[in-house]
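Below: the structure, in structure tokens.
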Amino acid sequence: MWMYLGLLAALFLGLHNLCKKHAVQGNEVFPVLLGTISSGFLFLVPFFIGSIFYPEYTQKIGFHISDIPWTTHGFIFIKSMIMASSWILAYQALKHLPITIVTPIRSAGPFFTFIGAIVIYKESPNFLQWIGFFLIILSVILYSKIGKKEGINFKRNKWIFAIIGATFLGASSGLYDKFLIQNLSLNPQTLQFWFCWYTILILIVILSITWFPYKQKRKDFKWRWTIIAVGVLLQTADYFYFKALQDPDALIMLLSAIKRSQIIIAVVLGGLVFKEKNKRKKLVPLAGIMIGVFLILYS
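Start counting the sequence shown at 1; every next residue gets the next number (UniProt numbering).
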């Protein structure tokens, strides 16, 4: 069952990436990020209110936000710091790079998760899983060669390093999620609500230094409907992902790889919507990534 929940998470993540590209294109990145997280938070607020006044009903429908000790709040705040850093780097990179380059690099995330799952959680991959993961990495390297034809030098472009850093931090957060869900017994909606709250506080501090004081930057910000869509789609994807992690048999390395199937939506639909270059050539490494994911699932 947890694999199917992972595929649902991938579906909503793919749609989320498309909306995110539209939201940040030619826009101020930090207020867009704050808007998306705030939209996701407002989406969860009714469940928080319902958990206070109608606890039995929210428990019945499976969306009860539980009371948690302050130590657990501290652990969630750490996750917020990790993901806020990852998103800031990722949004900046997405603003300056084609989505058909950014998404495949992000697909290297399972490799970092793969290593962490072996070292931290002692998950044991088999032969096909090894092949699948390295096939994904080789496909990402092939993408880098295609990216050079779009004027993107992977050795000198700072946004490439930004998206690599975002990918590493995102993978670290994925490993941390398993600890939060399984070791601290957090339910998905409780983790999502407080994670959004602390991330909003972090972003407000950052924007108070980098954006709010500057009149021209405030003028440059453009509100778009996709900002709300990004927030709602992300929370929906995270809900299915965290539900999958609640299964004690779930392997974080496989879930991380399954989520990469979002790349089909990002590369195929994204290439059509945003009219990006070399779409056909990008289908070759795309096929490599999908074969790698298939080998992991098949194994």
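In this text, a Cβ means the ideal position worked out from N, Cα and C, and glycines have one as well.
In the three-state reduction of the DSSP assignment, residue 5 falls in the helix class. Secondary structure at residue 65: coil, using DSSP grouped into helix, strand and coil.
Within the segment 221-254, the runs of alpha helix (DSSP H) at least 4 residues long that lie entirely inside it are, in chain order, 225-245. In this structure, residue 85 and residue 207 do not form a Cβ contact; the two beta carbons are roughly 15 Å apart against a cut-off of 8 Å. Straight through space, the alpha carbons of residue 285 and residue 17 are spaced by roughly 19 Å. Of 191, 232, 231, 200, the smallest CA-CA separation from residue 245 is found for 191. In this structure, the beta-carbon distance from residue 259 to residue 15 does not fall below 9 Å. Counting along the chain, no alpha helix (DSSP H) covers residue 186, and no H or E run does either. Taking 9 Å as the cut-off, the Cβ atoms of residue 79 and residue 176 count as close.
With distances taken between CA atoms, residue 33 lies nearest to 221 out of 194, 221, 290. Taking a cut-off of 8 Å for Cβ pairs, the segment 202-217 and the segment 117-128 do not touch, as fewer than three such pairs fall below it. With contacts defined as CB atoms closer than 9 Å, residue 195 and residue 83 qualify as a contacting pair. Residue 198 and residue 164 have their C-alpha atoms roughly 24 Å apart. Assigned with DSSP and collapsed to three states, residue 17 falls in helix. In this structure, the beta-carbon distance from residue 247 to residue 188 does not fall below 9 Å. Annotation: residue 124 is outside any alpha helix (DSSP H) and is labelled neither H nor E by DSSP. Comparing C-alpha distances from residue 225 to each of 158, 1, 20 shows the shortest one belongs to 20.
Under the 10 Å beta carbon count, residue 135 is surrounded by 16 or more other beta carbons and is classified as buried.
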